[in-house]
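Novice: Would you mind keeping the following structure in view while I ask a few things?
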Amino acid sequence: MIRLLTRLFGRPDTASIVECRRCGTTLESGDVDRCSECGSSEIVTYRL
-16 MIRLLTRLFG
-6 RPDTASIVEC
4 RRCGTTLESG
14 DVDRCSECGS
24 SEIVTYRL
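So the sequence shown is residues -16 to 31, counted in the numbering used here.
Dropping the structure here:
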């Protein structure tokens, strides 16, 4: 299923979701150090 979504929505090397582990806010870029909503430094990147 993940492979199908990756093919449909982008290349595997660029398809990713960046979010805050504390509050779940989706962030615009993986280059951030802190969440803009809660200030947490617990940022995670999920590669599709």
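Even for Gly, the Cβ is constructed at its ideal location relative to N, Cα and C.
1. Which whole runs of the alpha helix (DSSP H) in the stretch -5 to 30 are 4 residues long or more, in chain order?
2. Excluding sequence positions up to five away, which residues of its chain have a Cβ less than 8 Å from the Cβ of residue 12?
3. Leaving out five residues on either side along the sequence, give the residues of the same chain with a beta carbon under 6 Å from the beta carbon of residue 5.
4. Excluding five sequence neighbours on each side, which residues of the same chain lie with their C-beta closer than 7 Å to the C-beta of residue 15?
Specialist: Working from what's here:
1. Those alpha helix (DSSP H) runs which fall completely within the stretch -5 to 30 and span 4+ residues do not exist here.
2. Closer than 8 Å at the Cβ level, and outside the excluded window around residue 12, lie 1.
3. The residues 21, 23 and 25, in chain order, have a CB closer than 6 Å to that of residue 5 in the same chain once the five nearest residues on each side in sequence are set aside.
4. 26
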